[in-house]
Amino acid sequence: MRKALLIAAASILIPFSGAQASVSSDVSDGLSVEQIIANAQLENLSIEQILQQIAAVSPSLVPQAVAFAVQNNPAQTDAILLAAFTAAPEQAAAISDAAQKAGVPFTTVVAQGVIAQVDPTAIQPASAAGGPNPNANANAQNNANPNAGNGPATAIAAAPITPPAFSNGGGGGGGGSASPDA
Numbered sequence: 025m026r027k028a029l030l031i032a033a034a035s036i037l038i039p040f041s042g043a044q045a046s047v048s049s050d051v052s053d054g055l056s057v058e059q060i061i062a063n064a065q066l067e068n069l070s071i072e073q074i075l076q077q078i079a080a081v082s083p084s085l086v087p088q089a090v091a092f093a094v095q096n097n098p099a100q101t102d103a104i105l106l107a108a109f110t111a112a113p114e115q116a117a118a119i120s121d122a123a124q125k126a127g128v129p130f131t132t133v134v135a136q137g138v139i140a141q142v143d144p145t146a147i148q149p150a151s152a153a154g155g156p157n158p159n160a161n162a163n164a165q166n167n168a169n170p171n172a173g174n175g176p177a178t179a180i181a182a183a184p185i186t187p188p189a190f191s192n193g194g195g196g197g198g199g200g201s202a203s204p205d206a
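Going left to right, the sequence shown walks through residues 25 to 206 as our numbering numbers them.
Spelled out as structure tokens, the structure:
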């Protein structure tokens with residue numbers, strides 16, 4: 025009975041250890057992220073398992089794996105991001121950047137990062153994303169005020185402000201003379 029139990033336990037563990045060795049050896053062998061993921065999928069690993077195993081061996085590869093996985097399976101974007109942020113939270117900024125460059129909206133990236141309990145300050149809009157007009161900020165001086173002249177602004181001379189004399193009718197309300205009760 026004990027021998028049968030050991031055989032059953034070994035048969036359950038062998039496929040997992042083989043898959044782990046496969047991903048880790050693929051990473052160690054320097055295979056591309058695309059090839060690592062393809063080989064792991066042949067082992068019937070889910071993207072979550074693949075990302076966990078890549079993160080265990082080389083966390084710096086997780087952003088590349090995210091970009092590849094999102095581009096090739098956009099329907100699984102949420103699961104991919106959640107798995108990546110969970111597997112390699114220290115790579116949150118790079119994962120965020122890679123996902124956005126792969127076309128994932130910033131709001132989706134933030135939402136999955138928050139669910140994975142990643143520090144929200146680590147998730148930023150993609151770097152070097154640029155605006156809709158690449159020349160919009162080419163000359164910041166011209167962007168400041170379209171109604172301003174091209175020259176430097178001239179200062180207004182600072183003249184001293186003299187208050188009106190007492191009892192001349194100027195100032196704020198009450199007439200021009202002091203009240204007798206004062």
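C-beta atoms are modelled at their ideal positions from N, C-alpha and C, and glycine is treated no differently.
- Nearest to Ile119 by alpha-carbon distance, out of Ile147, Ser70, Thr186, Pro98, is Ile147.
- Ala89 counts as buried, since at least 16 other C-beta atoms from the protein chains shown sit within 10 angstroms of its C-beta.
- Here Leu66 is exposed. Its C-beta has fewer than 16 other C-beta atoms within 10 Å.
- In the DSSP annotation of this structure, the continuous segment of the alpha helix (DSSP H) that includes Asp102 starts and ends at 101-111.
- The Cβ-Cβ distance between Gly137 and Phe109 falls below 8 Å.
- CA-to-CA, the gap between Ala116 and Ile104 works out to about 13 Å.
- Check the Cα spacing between Gln141 and each of Gln59, Glu58, Ala111: the tightest is with Ala111.
- By the 16-neighbour rule on beta-carbons within 10 angstroms, Ala126 is buried.
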